[in-house]
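Each remark here refers to the structure printed beneath this line.
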Amino acid sequence: MVAREQFQVELTALRGQIISLAHETEKMLEKAMEALYNQDIELANEIIAYDEQLDEKELKINEDAILMIARQQPVATDLRRLIIALRISSDLERMGDNAKNIAKAAIHLGENHGLTIHPALNDMKQTALKMVDLSVKAFEYEDITLARKLAELDDLVDNMYGEVVREMLEETATNPQKIQHIMQMAFSARYIERFADHTTNIGESILYLVKGETLDLNK
Amino acid sequence: MNKTATAKKPVFHVQDMNLWYGNNQALKNVNLEIPKNEVTAVIGPSGCGKSTFIKTLNLMIKRIPSVKLSGELHFNGQNILRDKVDLVNLRKQIGMIFQKGNPFPQSIYDNVAYGPRIHGMKKKKQLDEAVETSLKQVALWDEVKDRLNSSALGLSGGQQQRLCIARAIATKPSVVLMDEPTSALDPVSTLRIEQLISELKNQYTIVIVTHNMQQAARISDQTAFFLHGEIIEASDTDSLFSVPSDRRTEDYISGRFG
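The listed protein sequences derive, respectively, from chains A and B. Residues 35 to 253 (my numbering) make up the first sequence, in order. Residues 123 to 380 (my numbering) make up the second sequence, in order.
Quick look at the structure:
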């Protein structure tokens, strides 16, 4: 029954590359937040350097997917599998960029800045990491129920983000001398929010794979 | 299951058609509408009944003594399975092209003039015109106009197939049936035939059996997928090749069997 075994092997390998890239973005966000909370400049620099490796891995996924399209001329679900491989790897690369930007914010804040990093950022991060986990499972099992759950979690992150930015704005009014530092913190909140948005894009890709139509989970 | 995206009036309307070779049922409860001036592709693995189906459309299949048919096959509103039909006239209206170009061992001119002659065209001027028009339609005129009296067997495979298409359309049919018309051709000749099919559909209704799924996807408006004598899915080609509704269609077009 099963023909095209080689193609199947290649598709499985490609899926493996994407899952491993997703886990790396997870680690990057975790470490970037660690650097932010602990004022760990060395760790922040490591994350920035690591992002280049992530970019290379994205490129490799793209090259492999394009070659498979050229060689195997897939149709229907197989074609969508390769199209979403291109899309998802691009989302993961952008997620890596967001983690890198948090690391940069940590560097801007420097050591001994005397500022307490808002605990809500940690909550946002926890939810964002949960979203990566969910998007990986949804991708691995091509499960649209899991993919749809991402939209709910994204709303949660968006609300936390709105709340934290409002609080920070208030703080700039009472402590205008801290404005530079607070800005970096607000930027970091924005990076986490963007990071989470990309996981919902992954969810949309999975819906496209299974249903063959484009749906917006970011609304 | 058999849904057809037919805004246009159907030329063929097949209803609950069954076909047996002796005791062996080769077509099972086939339902399909073939719209006018569109290309309908028939795909499926070997032995699925697709060639049997296309040969039923011009009743060529009836030449096989053991064949039994049931159901309805309407051609331009007439049930040609039930009603008595003039086969010569029917085949004037429904031309057919086969896997390998099969020109007669005659001159290029006589091959194309064959159909019009047997249908009574005698005047040289009229025949000349019919030959020229048909050869121009298949984009063969410029290549052969200086050697119309040479043997058709001296043409290349791709040219022979185009000549056969010219011969088929010289009688001005309304339908052209094609049974794997490019399977014996090289890629360039194949693309020329495909281009030709896209041009011809403005004037003719085309039904093409093909093993080449990319070809079906490229040139057809509607695709019917046959398996074990049944139509598993028939729909507009864009849908069938992007979001097929049946798992077996998906597996077949993705190359997982067949």
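C-beta: ideal position from N, C-alpha, C; glycine also.
Proximity of A/D98 to chain B, defined by a Cβ-Cβ separation below 8 Å, is not satisfied. Sequence-distant partners of A/L88 (beyond 5 residues in either direction) whose C-beta falls short of 8 Å from its own C-beta, in its chain, are L55, E58, T59, M62, L126, E127 and G130. With contacts defined by Cβ atoms closer than 8 Å, B/V365 and A/G246 form a contacting pair. For A/I178, the uninterrupted alpha helix (DSSP H) segment begins and ends at I178 to T208. Here B/T178 really is in contact with B/L195; their C-beta atoms are around 7 Å apart, less than 8 Å. No residue range can be given for B/V207, since it is assigned to no alpha helix (DSSP H) and is classified by DSSP as neither H nor E. Secondary-structure assignment with DSSP links B/D301 through a beta bridge to B/V331. For B/A339, the nearest CB of chain A lies under 8 Å from its own CB, placing it at the interface with that chain. For A/R38, the nearest beta carbon of chain B is closer than 8 Å to its own beta carbon. Contact with chain B is absent for A/V43, since none of that chain's Cβ atoms lies less than 8 Å from the residue's Cβ.
At a cut-off of 8 Å between C-beta atoms, B/V161 does not count as an interface residue with respect to chain A. Going by C-alpha positions, A/D112 is about 7 Å away from B/S376. Per DSSP, B/G280 lies in no beta strand (DSSP E) segment; the continuous alpha helix (DSSP H) that holds it begins and ends at G279 to I291. Of B/L362, B/A346 and B/R284, the smallest CA-CA separation from B/V253 is found for B/R284. In the same chain as B/K222, and ignoring 5 residues on each side of it, the C-beta atoms closer than 6 Å to its own belong to A306, in chain order. When DSSP states are grouped into helix, strand and coil, A/E64 belongs to the helix group.
The Cβ atoms of A/I122 and A/A181 lie no closer than 8 Å to each other. In the DSSP assignment, the residues bridged to B/P157 are B/P132. Taking the beta carbon of A/A110 as reference, the chain B residues within 8 Å of it are F363, S364, V365, P366, E372, I375 and S376, listed in sequence order. For the pair B/K172 and B/I183, the CB atoms are not nearer than the 8 Å cut-off. Interface annotation, B/Q344: not in contact with chain A, CB-CB separation never under 8 Å.
Think of a sphere of 7 Å around the beta carbon of A/G246: the chain B residues whose beta carbon falls inside it are S364 and V365, in chain order. Distance from the Cα of A/L77 is smallest, within the candidate group A/P108, A/V109 and A/A133, for A/A133.
Rounded to the nearest angstrom, the gap between the Cα atoms of A/L45 and A/S169 is 18 Å. Shown here, A/F173 sits in a helix according to DSSP, grouped into three states.
Proximity of chain B to A/Q107 at the Cβ level (cut-off 8 Å) is accounted for by Q336, in chain order. When Cβ pairs closer than 8 Å are counted between the two stretches, the stretch 294-312 of chain B is seen to touch the stretch 203-219 of chain B, the count reaching three or more. When the beta-carbon positions are compared, B/M300 and B/V331 come within less than 8 Å of each other. B/Q137 and B/N324 have their alpha carbons spaced roughly 26 Å apart. If you look at B/V253, you'll find it isn't in any beta strand (DSSP E); it sits in the alpha helix (DSSP H) that goes K246 to Q259.
Taking all protein chains shown into account, A/H152 has 16 or more neighbouring C-beta atoms within 10 Å of its C-beta and is therefore buried. By the C-beta criterion, the stretch 148-164 of chain B is judged to be in contact with the stretch 336-347 of chain B, since at least 3 inter-stretch pairs fall below 8 Å.
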